[in-house]
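Remarks on the structure that follows.
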Amino acid sequence: MNLIENIVIILYLAVLAYLGFVGYKQTKSSADYLIAGGNTHPFVMALSYGATFISTAAIVGFGGVAAWLGNSLLWLTFCNIFIGVFIAFVFLGNPTRKMGIRLNAHTFPELLGRRFNSKFIQVFGGVLITIFMPLYTSAVLIGGTEFLVAYFKVDYHLALLVMSVIVTGYVLAGGLKGVMLTDALQGVIMFVAMIILMVMVFNAIGGVDVGLSKLEMVWDKTVAPLSTVPIKELVVGSPDFLMKLSMNWGFQGWNKMPVFLSEGWLFIITTIAMGVGVGVLAQPQLVVRFMTVKSKNELNRAVLIGGIFIIAMTGIIYLVGSVTNVWYYEFNEGKNALQSTGGVGKVIPHFINAAMPRWFSFIFLFALISAAMSTLSSQFHAMGTAIGRDVFEQLAGKHNPNSLLITRVGIVVMIVISVTLAYFFDKQPAIIARSTAIFFALCASIFLPTYFGGLFWKRMTKKGAIASMFVGTIITTFWLVFVHFQEAKELGLCKMLFGVNSLLSGKNYLCGCNDGCFTSFAFNCSGCFAHDKARESSIN
Amino acid sequence: MVWETFDVGVGLAFWLMNASALLCVIYGIIYWNKDKEEKVIERKTWDKNEAKINKDL
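Line by line, the protein sequences give chains A and B. With my numbering as the guide, the letters of the first sequence map in order to residues 25 to 564. With my numbering as the guide, the letters of the second sequence map in order to residues 308 to 364.
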């Protein structure tokens, strides 16, 4: 690193520290710490929402998946914008804000718990966040750390430790105010870096049209020949193995959708587009942001900012991810992106460092660190408040003087757990995208029906809400442990009990249809239950 | 043209992606300052009276 790079890094950290300090100075009540006082500027709110939404999991993880599976991932961008921004802000934002204020809720589980007058729902929600969110947090940590490793050529564990320590500092000090202010700054950096990236990449490969049209040729030269090679002859997890796997799943090229209803088609539509696209609506760390603004106008303005921000983030990185294949083919001895870099999670970090000038790699370093830190800080804040506010305070009694201390201790504990998971998960193929998809699907299955019912359905009962959350938890967990092939195989419990990696081994159709169905199922269960109760009382 | 390189499925996703971003921009402009609901809700007031509110709930 040269002197200028060192100075810029120190300046960046100094600004983060300053914003954390501003958050700290402005934090005088629990409402300030938990929901940023409820008077956040729409620009800060929208960028914070977007920067939290778009993490290194989206940039490094899904960018790498785009290099592997192609532009069919644009369905996710559409869902991210239409569902994650438009539906979320226009239809859910204001009801959530108003209900949060009326019920004086400070966290997402508290919102649900108070809506249904159930301490159990709040505690249960807090416990679920504590259990499942570290999975997603570790994915974000891995994504950010991979880039630090590629850029600085340092040890993975050292990079992991440094990043965790920095985020811990300003989350502990500044609460949600500090988190949102730093998020907004980081969102601006991410936006600028992504625009420059798009211009430079397409400039390097001869323009958008040329770059995209060359993808077919690269597929024919580097992937199509694998059609005659049996997958058993390929090394498991190797680039050729992954490309062959994608062909077996029904993928036909980077500019084409997989065969209709094939495993690949179901993966893109149910797991990626619907699982992640719909799952975002019930993300605890995002929902709480609706409660940080003072009127509906702020939400309306945030729609505009959020829409532009998300298309600039995911739209660009997925297109760039797929056309990295062209760049590597032309500048790296006729190999595609996976063959050149060795793994899905390594494509974007390797590409930025190999293909882009040093000054841009440096800017992108900040974009990725920003993406990682903005999401991590919000996740740690959400997990800490789940422990302090939703679990400890509910069980130990309200207004316990120790609850804020417990929240901070909770943040540190969850950071340790997340870092430990990131330490062990690093070598798993496509772990970043998979962990993200799993967490989003869990949120959709467990929280979404109760959240929707709580906002829009007066007849939804407390028992209906609890039943819905139980159904979502049990079935999603069952599916991950016993049915969905990759997760069930890794966990090994299914193999231990039943002697097979998945209860539906070989039945690709069902194995692929893994996440979206749970949401609707949980919806139906809760709906039927609540309706039944209402009908019963009307008869009586 | 960009979209001509995609098949129908990916092309549709490409167009819908752009259309949804445009929808967000238009909606944001139209409703930038249209809401006439309560502008400020003093959460700190809620904080002070949290015990009473909880009791009422």
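Ideal Cβ placement from N, Cα and C applies to all residues, glycine included. Source: prediction; values computed, not measured.
Can you tell me the Cβ-Cβ gap for residue i and residue j, rounded? I've got them flagged as a contact below 8 Å.
i, j, result
"A/T316", "A/M204", "7 Å"
"A/M187", "A/S394", "Rounded, the Cβ-Cβ distance is 11 Å, inconsistent with contact."
"A/G124", "A/L135", "6 Å"
"A/C103", "A/A297", "5 Å"
"A/L182", "B/G335", "So it is not a contact: roughly 43 Å between Cβ atoms."
"A/S346", "A/L269", "Wrong, their Cβ atoms sit about 17 Å apart, outside the cutoff."
"A/P263", "A/V84", "Not quite, the Cβ-Cβ distance comes to about 17 Å (not below 8 Å), so this is no contact."
"A/V242", "A/V350", "6 Å"
"A/A468", "A/T154", "Contact doesn't hold; Cβ gap of about 18 Å is too wide."
"A/L40", "A/T206", "5 Å"
"A/N279", "B/D314", "6 Å"
"A/I111", "A/G331", "The pair is not a contact, with the Cβ atoms about 12 Å apart (cut-off 8 Å)."
"A/N118", "B/N340", "That pair is no contact at about 15 Å."
"A/V371", "A/L221", "Not confirmed; about 14 Å, so no contact."
"A/L310", "A/Y73", "6 Å"
"A/G185", "A/L445", "One point to set straight first is that residue 185 of chain A is Leu, not Gly, in the sequence displayed. Actually they are not in contact, since the Cβ atoms of A/L185 and A/L445 sit about 14 Å apart, beyond 8 Å."
"A/E29", "A/F476", "Wrong, their Cβ atoms sit about 48 Å apart, outside the cutoff."
CB-CB under 6 Å to residue i, same chain, minus the five flanking residues each way: which ones, in chain order?
i, result
"A/L466", "F156, T500"
"A/T161", "Q403, S442"
"A/L97", "A90, Y342"
"A/S7", "The structure shown does not extend to residue 7 of chain A, since chain A is modelled only from 25 through 564, so no value can be given for it."
"A/F140", "K486, A489"
"A/P133", "Q146, G149, G150, D414"
"A/S142", "K486"
"A/V247", "M267"
"A/A75", "D207, Q210, G211, S398"
"A/P71", "The displayed chain sequence assigns Leu, not Pro, to residue 71 of chain A. Once the five neighbours on either side are set aside, the close Cβ partners of A/L71 are A208, G211."
"A/P282", "G274, F275, G288, W289"
"A/L116", "none"
"A/A81", "A163, V164, G167, I456, T460"
Between residue i and chain B, is any beta-carbon pair separated by less than 8 Å?
i, result
"A/F11", "As shown, chain A starts at 25 and ends at 564. That puts residue 11 of chain A outside it, with no answer to give."
"A/K49", "no"
"A/S237", "yes"
"A/G339", "yes"
"A/K280", "yes"
"A/I332", "yes"
"A/N356", "no"
"A/C324", "In the sequence under discussion, the amino acid at residue 324 of chain A is Asn, which differs from the Cys named in the question. Taking Cβ atoms only, chain B reaches closer than 8 Å to A/N324, which makes this a yes."
"A/V283", "no"
"A/I441", "no"
"A/N30", "no"
"A/L328", "yes"
"A/I335", "yes"
"A/V114", "yes"
Residue i: beta carbon under 7 Å from a heavy atom of the ligand HEM?
i, result
"A/A379", "The ligand HEM is not part of this structure, which contains no ligands at all."
Got a sec? Which residues, its chain only, sit under 7 Å from residue i by beta carbon, not counting five neighbours each side?
i, result
"A/Y36", "F390"
"A/R138", "L127, A129"
"A/K359", "T246, Y352, Y353"
Taking CB distances under 8 Å as the criterion, tell me whether residue i reaches chain A.
i, result
"B/V347", "Its pLDDT being 46, under 50, B/V347 is placed unreliably in this model, and the value from its coordinates should be taken loosely. Yes, its Cβ sits closer than 8 Å to a Cβ of chain A."
Only counting the same chain, and skipping five residues up and downstream in sequence, which positions put a Cβ closer than 8 Å to that of residue i?
i, result
"A/T101", "I334, I335, T338, G339, Y342"
"A/I107", "G301, V302, V304, L305"
"A/H65", "E322"
"A/V259", "F265"
Determine, using beta carbons only, whether residue i comes closer than 8 Å to chain E.
i, result
"A/F522", "The displayed structure is made up of protein chains A and B, and chain E is not among them."
Segments assigned alpha helix (DSSP H), at least 4 residues, entirely inside the segment 60–99 of chain A: Note on the segment 60–99 of chain A: whole alpha helix (DSSP H) runs with a minimum of 4 residues are 66–77, 87–93, in chain order.
Name the residues in the segment 79–110 of chain A whose C-beta lies less than 7 Å from a C-beta of chain B; which are they? Taking 7 Å as the Cβ-Cβ cut-off against chain B, the residues of the segment 79–110 of chain A that qualify are N95, S96, L98, W99, T101, F102, I105, F106, V109, F110.
Interface residues of the segment 224–251 of chain A facing chain B [CB-CB below 7 Å]: Per Cβ criterion, the list reads V232, D233, L236, S237.
Closer than 7 Å, Cβ to Cβ, to anything on chain B: give me those residues from the segment 292–322 of chain A, in chain order. Within the segment 292–322 of chain A, the residues whose Cβ lies closer than 7 Å to some Cβ of chain B are K318, S319, K320, N321, listed in chain order.
What are the start and end residues of each continuous alpha helix (DSSP H) run of 4 or more residues lying completely inside the segment 191–277 of chain A, in chain order? If we require 4 residues or more, the alpha helix (DSSP H) runs fully inside the segment 191–277 of chain A come out as 232–246, 263–272.
Scan the segment 311–348 of chain A and note each continuous alpha helix (DSSP H) run of 4 residues or more that stays entirely inside, going in chain order. Segments of the alpha helix (DSSP H) lying fully in the segment 311–348 of chain A: 320–334.
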